[in-house]
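Novice:
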Amino acid sequence: MSGPSTYKPSTGFERWLDQRLPIVRLGWDSFVDFPTPRNLNYWYTFGGILAVCLMTQIITGIVLAMHYVPHVDHAFASVERIMRDVNYGWLIRYIHANGASMFFLAVYLHIVRGLYYGSYKSPREILWILGVVIYLLMMAAAFMGYVLPWGQMSFWGAMVITNLIGSLPIIGGPITELLWGGFTVGNPTLNRFFSLHYLIPFLIAGAVILHIWALHVPGNGNPTGISVKSSRDTLPFHPYYTVKDGFAIVVFMLVFAFFVFYWPNALGHADNYIEANPLATPAHIVPEWYLLPFYAILRAVPDKLMGVLLMFGSIGILFILPWLDTSKVRSMRYRPMAKWFFIFFVVSALILGICGAMNPDDPSPFFGMSYLWVARIFTAYYFAYFLVILPLLGFIEKPKPRPASIEEAVLGPRAHAAPAAAE
Amino acid sequence: MTIVKRLLVAAVGALALAAPALAAGGDQHHPEEHTWSFEGPFGTFDRAAVRRGFQVYQNVCAACHSMKLLSIRNLGEKNGPFRVMPDPEHEGEVIEYTNPNDNPYLRAIAANYIIVDGPDSAGEMFERTGRPSDRFPSPFANEQQARASNGGAYPPDFSVIVKARHQGPEYIRSLLLGYGHEVPHDVHVAPGQYYNPYFPGGKLAMPPQLREGIVDYEGDIEATPEQMAHDVVAFLSWASDPKMEERKQLGLMVMIYLFIFAILMWFAYRAVWANVEH
Chain A
3 MSGPSTYKPS
13 TGFERWLDQR
23 LPIVRLGWDS
33 FVDFPTPRNL
43 NYWYTFGGIL
53 AVCLMTQIIT
63 GIVLAMHYVP
73 HVDHAFASVE
83 RIMRDVNYGW
93 LIRYIHANGA
103 SMFFLAVYLH
113 IVRGLYYGSY
123 KSPREILWIL
133 GVVIYLLMMA
143 AAFMGYVLPW
153 GQMSFWGAMV
163 ITNLIGSLPI
173 IGGPITELLW
183 GGFTVGNPTL
193 NRFFSLHYLI
203 PFLIAGAVIL
213 HIWALHVPGN
223 GNPTGISVKS
233 SRDTLPFHPY
243 YTVKDGFAIV
253 VFMLVFAFFV
263 FYWPNALGHA
273 DNYIEANPLA
283 TPAHIVPEWY
293 LLPFYAILRA
303 VPDKLMGVLL
313 MFGSIGILFI
323 LPWLDTSKVR
333 SMRYRPMAKW
343 FFIFFVVSAL
353 ILGICGAMNP
363 DDPSPFFGMS
373 YLWVARIFTA
383 YYFAYFLVIL
393 PLLGFIEKPK
403 PRPASIEEAV
413 LGPRAHAAPA
423 AAE
Chain B
1070 MTIVKRLLVA
1080 AVGALALAAP
1090 ALAAGGDQHH
1100 PEEHTWSFEG
1110 PFGTFDRAAV
1120 RRGFQVYQNV
1130 CAACHSMKLL
1140 SIRNLGEKNG
1150 PFRVMPDPEH
1160 EGEVIEYTNP
1170 NDNPYLRAIA
1180 ANYIIVDGPD
1190 SAGEMFERTG
1200 RPSDRFPSPF
1210 ANEQQARASN
1220 GGAYPPDFSV
1230 IVKARHQGPE
1240 YIRSLLLGYG
1250 HEVPHDVHVA
1260 PGQYYNPYFP
1270 GGKLAMPPQL
1280 REGIVDYEGD
1290 IEATPEQMAH
1300 DVVAFLSWAS
1310 DPKMEERKQL
1320 GLMVMIYLFI
1330 FAILMWFAYR
1340 AVWANVEH
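Protein sequences, first through last, are from chains A and B.
To get our numbering, take the position in the first sequence, counting from 1, and add 2.
To get our numbering, take the position in the second sequence, counting from 1, and add 1069.
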């Protein structure tokens, strides 16, 4: 797909620049002329939406860092000062805080898209792995960012998560001390979390560049999972996908703005407006909504170390997913069994999220079973999906007939009747 | 899909069965519903209620509860309760005091406070009367002193109290009016504690505060406990989120802008793709 460049410098300056730094050519080949399958649906717009989310977080974050004070005695008050005394500080902070949730909402839809249409399969394994790296970095950035306002959930969330790392044998203790900068969560912890929270978004930006590079070598996947065969399968990225992504971005911004302006604290926890107090543990320590499924997996295991390993394993397993799925068919559109197992996988991830928010000992609506046991059942399914179902389905399942090309999928059999256009 | 439906029905049924069981256990009561002027996408603060609520705060709550993050000037900032006041010379007209530091109401409020300032050029701390630019002074010097004066309990700061409680406005109103319930026999209320089913655990160190007539309201409004609770929650809601009106006003413009933008993008999308099969 990354064939010969079609960029033609039109002015003297562009020719001069092109011979020295072909940056306009890079932009032209990547975002204007880039051949993109003609059948991408709205599930494929979340990549562009995520780029907007990252830029929003970086820009609002840089402004917030100008006013925020990373010190245990001042952090909480400095955040409220941003809310009250900084011009439009309330807007910038609410965009940043809700922006994290919107970022995760978009990334989950992006991942679901990738899982359903088999975006992780050959030749896109590296593209997928880079995506998992970005997701991990996002979780680290979000966790550290949540600590910065120094509310009760900030403090106790930091306490729980850093203690988890401490349960790893041999390396756990030293890593935890390094994160704390001492022997408990305190001012040095807040300082280094602030520093890392500022660093990680730029690591994400770097990984995103690699992610886009890895995308532009094999080119976009598409809902049929059929590889691009001819130029009739594709359209230039601009204007076709700039306008489609643009529309999706504006609709996404409507949802985003609704939360920022009308429901700004709905996705946060009230306890984080109470200043951190190391002597008073909140009744329920819960992470932000986007980490709840992993929290449920962690608590599903009675042994602390095993719980930690399972939690990290639940994301680690994504790295080897391209080799766990044995089916040669990319898109689940043509996989009658995998499709239903996948839908149930998404449902169980949502149920795990609910379990993570609940008290594990409380009875659930699921036949009155405790949330702990519900979490155990769906944790088992989570892992079974990757370790048992996907490897076996490749051998058991009989895929449905697939179209010969994207062109045929879009235009139907009459594409064959039409005389082949000159290529 | 029938499986999903059946699961949903089972879930709803189980919830319905579980709900009365929870209520019978003598757990924390749900806050009572109440109508507020600041609810909804167009809700605004009722300035008069916020002013009355400030009076309740000053005369009752401020004896124990600090409000460290607010300055007196905040009362006179944009959308603040003392920004636009009735004109004393022309009946039916109002004056907007655009500079909170010159606002006579705020200067009068500030004059009630003695502020420790300094050090002066001799290195001594000195006392002076308050100014609108001062923070609200706290009733206690530190947490230890606050606990010593309140039977070991620490009265929370009120700067963001409404945002810091789940269902903040309803919860605080219910708590203030929630005394006087019969104590269930499995709850032991120690001396210096009061039973209040809206409070987590049911026992708190704060005695009932809003007694009939503890505050004298100007005009015809009677200072009943219900009225005072309503007013003080209106004040605390403003104090927790003083930019709420500005946020909702800007939000409306942003939503309209984005909505029109989305429609334009939709037509642009249709136009660009008009002759392309996809």
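Quick reminder that beta carbons are idealized off the backbone N, C-alpha and C, glycines included.
1. Taking DSSP as the reference, what is the three-state secondary structure of Y1166/B?
2. Are the Cβ atoms of I202/A and A142/A separated by less than 8 angstroms?
3. At which residue ranges does the stretch 1184-1227 of chain B contain complete beta strand (DSSP E) runs of 3 or more residues, listed in the order of the chain?
4. Can you tell me which of the three DSSP states T1293/B falls into?
5. Identify the contact partners of M1275/B in chain A, using a Cβ-Cβ distance below 9 angstroms as the criterion.
6. Using a Cβ-Cβ distance cut-off of 8 angstroms, determine whether F249/A contacts chain B.
7. Tell me the rounded alpha-carbon separation between Y9/A and G223/A.
8. Hey, D1300/B and G1122/B: beta-carbon distance below 8 angstroms or not?
9. Assuming M85/A is part of the alpha helix (DSSP H), what are its boundary residues?
10. Starting from the C-beta of L1091/B, find all residues in its chain whose C-beta is less than 6 angstroms away, skip the five residues before and the five after it, and write them out in chain order.
11. Cβ of F1151/B within 8 angstroms of Cβ of L256/A?
12. Got a sec: is the Cβ-Cβ distance from F1227/B to anything in chain A below 8 angstroms?
13. Between A340/A and H213/A, what straight-line distance do the alpha-carbon atoms span, to the nearest angstrom?
14. Roughly how many angstroms lie between the CA atoms of E82/A and L1138/B, to the nearest whole one?
15. Alpha carbon to alpha carbon, how far is L392/A from M104/A?
16. In three-state DSSP terms, what is Q1155/B?
17. From G309/A to G396/A, what does the alpha carbon distance come to, in whole angstroms?
18. Anything in the stretch 1167-1180 of chain B with a Cβ closer than 9 angstroms to a Cβ of chain A? List those residues in chain order, please.
19. Determine contact between the stretch 181-198 of chain A and the stretch 44-59 of chain A, defined as no fewer than three beta-carbon pairs at a distance below 8 angstroms.
20. Measuring alpha carbon to alpha carbon, tell me which of H98/A, P365/A, Y387/A ends up nearest F346/A.
21. So, is F204/A buried or exposed, given that buried needs 16 or more other C-beta atoms within 10 angstroms?
22. Which residue wins for smallest C-alpha separation from D1285/B, given the options L1319/B, V1125/B, G1221/B?
23. Are at least three pairs of beta-carbons, each pair with one atom in the stretch 1338-1345 of chain B and one in the stretch 1165-1176 of chain B, less than 8 angstroms apart?
24. Taking the straight line between their C-alpha atoms, what separation do you get for E16/A and A250/A?
25. Per DSSP, which residues does K1312/B bridge with? Please list them.
26. Strictly below 8 angstroms CB to CB, what residues from chain B border L256/A?
27. Let's see if you can read the secondary structure: which residues bound the alpha helix (DSSP H) around P1276/B?
28. Is H1134/B near F1268/B, with beta carbons less than 8 angstroms apart?
29. In chain order, what residues of the same chain have a beta carbon less than 6 angstroms from the beta carbon of D35/A, not counting five sequence neighbours either side?
30. What residue from I177/A, A298/A, R95/A has the CA that sits closest to I61/A's CA?
31. Out of curiosity, what's the CA-to-CA distance linking L1333/B and M1324/B?
Specialist: Working from what's here:
1. When DSSP states are grouped into helix, strand and coil, Y1166/B belongs to the coil group.
2. In contact: I202/A and A142/A (Cβ atoms closer than 8 angstroms).
3. Within the stretch 1184-1227 of chain B, the complete beta strand (DSSP E) runs of at least 3 residues are 1195-1198.
4. In the displayed model, T1293/B falls within coil according to three-state DSSP, outside both helix and strand.
5. Result: empty, since nearest Cβ-Cβ is about 17 angstroms, beyond 9 angstroms.
6. Closer than 8 angstroms to some Cβ of chain B, the Cβ of F249/A qualifies, so yes.
7. 24 angstroms
8. Yes. Within cutoff.
9. 77-86
10. Summary for L1091/B: the model assigns pLDDT 39, below 50, so the residue's position carries little reliability, and this model does not support an answer.
11. Not closer than 8 angstroms, so no.
12. no
13. 27 angstroms
14. 7 angstroms
15. For L392/A and M104/A, the distance between alpha carbons rounds to 30 angstroms.
16. According to the sequence as given, residue 1155/B is Pro; it is not Gln. Residue state, collapsed to three classes: strand.
17. 30 angstroms
18. none
19. Using a Cβ-Cβ distance cut-off of 8 angstroms, the stretch 181-198 of chain A and the stretch 44-59 of chain A are not in contact, since fewer than three pairs of beta carbons, one from each stretch, lie closer than that value.
20. Of H98/A, P365/A, Y387/A, the residue nearest in Cα terms is Y387/A.
21. If you draw a 10 Å sphere on the C-beta of F204/A, you find fewer than 16 other C-beta atoms in it, and that means exposed.
22. V1125/B
23. no
24. Looking at the two C-alpha atoms, the distance is approximately 32 angstroms.
25. Per DSSP, none; premise fails for K1312/B.
26. M1324, L1327, F1328, A1331
27. Looking at the DSSP string, P1276/B is not in any alpha helix (DSSP H), and its letter there is neither H nor E.
28. No. Outside cutoff.
29. If we look at D35/A and ignore the five residues flanking it on each side, its Cβ neighbours are T8, P238.
30. R95/A
31. Distance between the alpha carbons of L1333/B and M1324/B: 14 angstroms.
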